[in-house]
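In what follows, a structure is listed as structure tokens, so that the remarks can point back to it.
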Amino acid sequence: MNIILFKVALLLSFGMFFIPKKIKYSFGLLLHLMLIMASTSWAFAVLRGTILTLGLGVGTWSGPITLVIDQLSAYFMLIINLICLCGILYAGGYLQPYLPKKRSVFISLHLFSFLWLHGAMLLVVSMQDGIAFLLAWELMSLFSFILVIFEAQKEATLKTGINYLLQMHLGFAMIMLGFLIAANQTGDLSFEGVNNFFSQSDNVPLFLVFFAGFGIKAGFIPFHSWLPRAHPAAPSHVSGVMSGVMIKMGIYGIFRISSLLQNNLHTIGIIVLAAGIISGLLGVIMAIMQHDLKKLLAYHSIENIGIIGIGIGMGILGKSTGSNYLMILGWGGALLHTLNHALFKSLLFFTTGNVYYAVHKINMDHLGGLAKDMRYTSMAFLIAALAISGIPPFNGFISEFLIYNGILTQMSSSTFSHSILSVVSILGLVLIGGLCIYCFTKAFGLSFLGTRREEHPHPVQEVPAIMLVPAFILITCMLAIGLVPSFFVNEVVGVLQNLTHTTVNIDPLLLSLNSISYVNMILIVLIGGVIGLRAWQRSFVKVAVGPTWGCGYTAGDFRHQYTPTSYADSLRELADPLIQYHRVYKSFDEQEIFPLPKTFHTESKDLIEEKTILSWVHLIVNYLPKAGIAQSGLINHYLIYPMLFLLLIGFLIVLNIL
Amino acid sequence: MLSIILIVASVIFFPGVIVKTKALFSGRKGQDILQPWHDIIRLLKKGSVYSTSSSFVFQLGAPIYFATVIVAALFIPFEENNCIISFSGDFVFFAYLLGLGRFMIIISALDVSSAFEGMGANREAFYSLLMEPAFFILLGSLAMFTGYSSFYDIFASLHYNSYFSFIIAIIAAYVLANITLVETSRLPVDDPLTHLELTMVHEVMVLDHSGFDLGIIKIANNIKFILFSMLSANCLIPQSLDLWMRIGILFLMQVLFAAGIGWFESFRARNKMIMNAQYILSINAVAMILIFAVMIIKNKI
Chain A
242 MNIILFKVAL LLSFGMFFIP KKIKYSFGLL LHLMLIMAST SWAFAVLRGT ILTLGLGVGT
302 WSGPITLVID QLSAYFMLII NLICLCGILY AGGYLQPYLP KKRSVFISLH LFSFLWLHGA
362 MLLVVSMQDG IAFLLAWELM SLFSFILVIF EAQKEATLKT GINYLLQMHL GFAMIMLGFL
422 IAANQTGDLS FEGVNNFFSQ SDNVPLFLVF FAGFGIKAGF IPFHSWLPRA HPAAPSHVSG
482 VMSGVMIKMG IYGIFRISSL LQNNLHTIGI IVLAAGIISG LLGVIMAIMQ HDLKKLLAYH
542 SIENIGIIGI GIGMGILGKS TGSNYLMILG WGGALLHTLN HALFKSLLFF TTGNVYYAVH
602 KINMDHLGGL AKDMRYTSMA FLIAALAISG IPPFNGFISE FLIYNGILTQ MSSSTFSHSI
662 LSVVSILGLV LIGGLCIYCF TKAFGLSFLG TRREEHPHPV QEVPAIMLVP AFILITCMLA
722 IGLVPSFFVN EVVGVLQNLT HTTVNIDPLL LSLNSISYVN MILIVLIGGV IGLRAWQRSF
782 VKVAVGPTWG CGYTAGDFRH QYTPTSYADS LRELADPLIQ YHRVYKSFDE QEIFPLPKTF
842 HTESKDLIEE KTILSWVHLI VNYLPKAGIA QSGLINHYLI YPMLFLLLIG FLIVLNIL
Chain B
298 MLSIILIVAS VIFFPGVIVK TKALFSGRKG QDILQPWHDI IRLLKKGSVY STSSSFVFQL
358 GAPIYFATVI VAALFIPFEE NNCIISFSGD FVFFAYLLGL GRFMIIISAL DVSSAFEGMG
418 ANREAFYSLL MEPAFFILLG SLAMFTGYSS FYDIFASLHY NSYFSFIIAI IAAYVLANIT
478 LVETSRLPVD DPLTHLELTM VHEVMVLDHS GFDLGIIKIA NNIKFILFSM LSANCLIPQS
538 LDLWMRIGIL FLMQVLFAAG IGWFESFRAR NKMIMNAQYI LSINAVAMIL IFAVMIIKNK
598 I
């Protein structure tokens, strides 16, 4: 029954191109709801029971495509559905200004691709067969490409889109290579084949191939360079879904592969851990240097993928030492952080979209003072910022706490090298947490607080209520995880126990989590109490409003505020070798009697991208023009080339080489 | 419950002792030891002035900061006398809870659109991000040494079976004392009495808070001070003594610590701003020594 609903939704999507523009959105929403109904019912059935196998009724040359939904798939399905639902609801408001401007076919294509991205992600998490998995993976990349180039009339957007498409195919090639290597030895092009391969030979090389392939999607450094380009180019509901769930498909793949690993776990654990710590730290440091709000969030996705990587790495190390508790807590933290990051990152992208909707600017240098005009948007952004910094009583803390707890409980019994790794990962997590606070006080404080840095042509208003609905849904989920963590942790641990076929007693952890929820309640009550006390105190004293204290002088105007560049300055001194920061300005000329208006801004470079990708590209670009010698423009030269070619072939045949 | 009573008792006289010591060293008679509290009570009764550029965030900042410090106080044990809340990994929660307060106070400072407060906010965020690793390495190595990961269990079992623990305890107490100075922005990182807004950290962030809000921020700062000094006292006091003896030692240590800070602040100037990062990183380095000491004692190296 549900499989028919699923198929009908995907088939009906082609109708999108033939219906009037007005009802396209409602039609899209309906189809999304059909997908969500079908897949959510599967997911709940699987979380309560056993693996579900469903035939899709179509096939590839390797056989009919079947959906195999186990608990891990079900967990990811629920995340995909929640975020895609919020995304399509948000698109209802966000796309309004575009509707009159865009041609009908583009709107159809956009909504069609959005639906198919949703469907493709659901298929990715439920495919066991290699060919079908790669097919779903490719669909996901293609439709997200179409979504990214929604504003393709801008040249930069189109260029970014092509860059994105290329990088995704690089990842695709790596994953395919991984499956082929496994199939070559075992004759089985599927995850089962990978499993068999792992049981027979060295795990490290094949894991690295898969890690690179899935890592490009997830955005591990050094495979991250598409993220800070594609997210700012895409419309906000797309960035929200892409950063919220699509990059998590990479994490899904890494989880699948990690659960199959059988030997050399120690080495693999260290590799994943190192990738996690490096991605986390560099991601957040580069985020701090950004002025573009969406670019900042994109670098933050890299940081959060880093935290997930630390969790996965610790889990693999736990498996290597036979410490099931560490394995379940590390992977559990990573899996819960996947959900948490999906929640707060999509919320951050949606609220940033609200800012763009209201003022048509996204650069922090031009924002400021939005909290007074856009109260709900700024509250939502603030909550998401607190959550992403891992601050209680919100959800981000819970997943980081799981990883900490896993590391701390086995620290006293571990060997020297494991202790060092534990200390390094704790250090990484703490530094990431501190840098995250630094980054989000900057992002929130400078774009929403203070006074406007620039006058906006239109009066700034709160966005329509429809665009705030997803924010309320997401905040409710975030608070639920923050206040009742034991329920969610239990579910996640259940998924992992099912995946790894182990049982672990997590009662001490649940005890801690229950205490955390009590303390969170106390905290909230206390905050309410203090605010109430202040309100009571105000009933008999005078409360006045006045200008900001200017330290003996009259307070200056908006130009005296701290800017994004100055806020990031203290970190810049420490991290300069990594970020290649430089100022862009023209100084005053001595001869300049009547100075012209000058501009000043700062830029930072992505050193990793520069060294790993761009330097090679520049090398090739430099040498390719040398081949231009052959292109002389004279027809007689061009006639010689085929002649030379034939001669060459002739020689080779004579010499018996061909 | 005992630890809360001890925290309240210490917090009453602690700020007064610092001020009094400083007065005595500069040759003045000095104010009454309870004067800081009279000032705070006066503030609590006063009306407030809010900046025209501030929004709802500014209204939330001070109460949340205050509440986080109060809740953090519930985690502090006094050796084997149980504290109100304790669970494994509670020090992680403790640090992140203080992070919430810090986050709110930083964004309230940014809300008034003053360059001075922006400067303070930036420094607070930066120093605490450098400081936090030291705290985690410290507690992490104590967790490695004792095999527990909550404040209560760590301090209850720290001096249980070997005298090596005192080596650990002394380094830990030293690191914690330094963390106290940075967290509460005293010398050598920040001089709370200077009137050069350009060089201040914590005090400059709250320039625009007034009346009730400023009052609770000051209370919270005083409590924060006691929380960290209680932690270092917990490291040092051996459990074999009886309860009254230990309470006596605790108060003696608190008074000495306060007087020490007063003495220190009377005789030296604050660091150059640019040296602060180095100073904080050196505390981290000392904390790293601790972790290697623990590894050696536990026969891991």
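Line by line, the protein sequences are chains A and B.
Going by my numbering, the first residue of the first sequence is number 242, and it counts up by one from there.
Going by my numbering, the first residue of the second sequence is number 298, and it counts up by one from there.
Beta carbons: idealized from backbone N, C-alpha and C, even for Gly.
All values derive from a computational prediction rather than experimental measurement.
Contacts of residue i in chain A (Cβ-Cβ under 8 angstroms)
i      : result
N288/B : Limits of chain B in this structure are 298 at one end and 598 at the other, which puts residue 288/B out of reach.
E429/B : V671, L672, G674 and G675
T349/B : V786, G787, P788 and T789
L399/B : First, the amino acid is wrong: residue 399/B is Arg here, not Leu. Chain A residues near R399/B: I678.
D505/B : T789 and W790
K343/B : V782
F461/B : Within 8 angstroms Cβ-Cβ: nothing; F461/B doesn't reach chain A, min ~14 angstroms.
Minimum C-alpha distance to residue i - residue among the options
i      : options                           : result
V305/B : I402/B, A370/B and A320/B         : A370/B
R483/B : Y471/B, A470/B, M497/B and V472/B : M497/B
V782/A : L774/A, T789/A and P788/A         : L774/A
Q394/A : Q408/A, K343/A, S385/A and L567/A : K343/A
Y598/A : I849/A, I834/A, S477/A and F386/A : S477/A
G574/A : L767/A, N595/A, G637/A and Y617/A : G637/A
P805/A : F841/A, E831/A and M275/A         : F841/A
N596/B : P489/B, Q536/B and F442/B         : F442/B
W357/A : V249/A, P463/A and F317/A         : V249/A
D510/B : M428/B, A392/B, V354/B and T318/B : V354/B
I403/B : G358/B, M428/B and W541/B         : G358/B
Y356/B : R779/A, Q426/A and K535/A         : Checking the sequence shown, residue 356/B turns out to be Gln, not Tyr. Of the listed residues, the one whose Cα sits closest to Q356/B is R779/A.
V771/A : I513/B, Y393/B and F561/B         : I513/B
G371/A : G334/A, R497/A and M483/A         : R497/A
S280/A : I292/A, L246/A and S267/A         : L246/A
K852/A : W572/A, S314/A, I820/A and R813/A : I820/A
I648/A : G313/B, I338/B and G386/B         : G386/B
Under 7 angstroms from the C-beta of residue i: neighbouring residues of chain A
i      : result
P360/B : I768, V771, I772 and R775
M441/B : M652, S653 and S660
V486/B : None at all; the shortest Cβ gap to chain A is about 13 angstroms.
Neighbouring residues, chain B, relative to residue i (Cβ below 8 angstroms)
i      : result
F638/A : F390 and Y393
P633/A : F390, Y393, L394 and L397
Through-space distance from residue j to residue i, alpha-carbon basis
i      : j      : result
K602/A : S348/B : 26 angstroms
H472/A : G256/A : 29 angstroms
P374/B : P634/A : 22 angstroms
V784/A : L690/A : 21 angstroms
G556/A : I549/A : 11 angstroms
T467/A : M708/A : For the record, residue 467/A in the displayed sequence is Trp; it is not Thr. The alpha-carbon atoms of W467/A and M708/A are separated by roughly 27 angstroms.
V513/A : I644/A : 15 angstroms
M550/B : I361/B : 30 angstroms
N437/A : A423/A : 8 angstroms
L478/B : M428/B : 11 angstroms
L865/A : L411/A : 22 angstroms
A401/B : I763/A : In the sequence under discussion, the amino acid at residue 401/B is Met, which differs from the Ala named in the question. In a straight line, the C-alpha of M401/B is about 18 angstroms away from that of I763/A.
V736/A : L538/B : 50 angstroms
Residue i: contacting residues in chain B (beta-carbon distance under 9 angstroms)
i      : result
F657/A : M592, K597 and I598
S666/A : The contacting residues do not exist; S666/A stays about 10 angstroms from chain B at best.
Residue i: contacting residues in chain B (beta-carbon distance under 7 angstroms)
i      : result
S756/A : I382 and F384
Within chain A, the residues that residue i reaches when beta carbons sit closer than 9 angstroms
i      : result
S579/B : Those within 9 angstroms of S579/B in chain A number zero; the least Cβ separation is about 14 angstroms.
Enumerated in chain order, which unbroken segments of the alpha helix (DSSP H) with a length of 4 residues or greater are wholly contained in the stretch 461-497 of chain B? 462-480, all fully within the stretch 461-497 of chain B.
Quick one: which unbroken alpha helix (DSSP H) runs of 4-plus residues sit fully inside the stretch 626-683 of chain A? Chain order, please. Counting whole runs of 4 or more residues, the stretch 626-683 of chain A contains the alpha helix (DSSP H) stretches 636-650.
Return the chain-ordered ranges of every alpha helix (DSSP H) run that is complete within the stretch 344-416 of chain A and spans a minimum of 4 residues. Unbroken alpha helix (DSSP H) stretches of 4 residues or longer found wholly inside the stretch 344-416 of chain A: 345-365 and 371-389, given in chain order.
In chain order, which continuous runs of the alpha helix (DSSP H) of length 4 or greater are located wholly inside the stretch 314-348 of chain B? List check, alpha helix (DSSP H) in window: 332-342.
Segments assigned beta strand (DSSP E), at least 3 residues, entirely inside the stretch 837-898 of chain A: As far as the stretch 837-898 of chain A is concerned, its whole beta strand (DSSP E) runs of at least 3 residues are 841-844.
4-residue-minimum alpha helix (DSSP H) runs that sit fully inside the stretch 276-352 of chain A, ordered along the chain: If one requires a minimum length of 4 residues, the alpha helix (DSSP H) runs lying completely within the stretch 276-352 of chain A are 312-335 and 339-342, in chain order.
Start-end ranges of the beta strand (DSSP E) lying completely within the stretch 804-836 of chain A, minimum 3 residues: Correct list: 823-826.
Members of the stretch 599-625 of chain A that neighbour chain B once the beta carbon cut-off is set at 8 angstroms: Residues of the stretch 599-625 of chain A with a C-beta atom less than 8 angstroms from some C-beta of chain B are G609, G610, A612, K613, R616, S619, M620 and L623, listed in chain order.
Interfacial residues, the stretch 681-696 of chain A to chain B, with Cβ spacing under 9 angstroms: When CB distances to chain B are screened at a threshold of 9 angstroms, the residues of the stretch 681-696 of chain A falling below it are F681, T682, K683, F685, G686, L687, F689, L690, G691 and T692, in chain order.
Residues within the stretch 515-547 of chain B neighbouring chain A, beta-carbon criterion of under 8 angstroms: Per Cβ criterion, the list is empty.
Where the stretch 847-878 of chain A meets chain B: residues whose CB sits under 7 angstroms from a CB there: Within the stretch 847-878 of chain A, not one residue has a Cβ closer than 7 angstroms to any Cβ of chain B.
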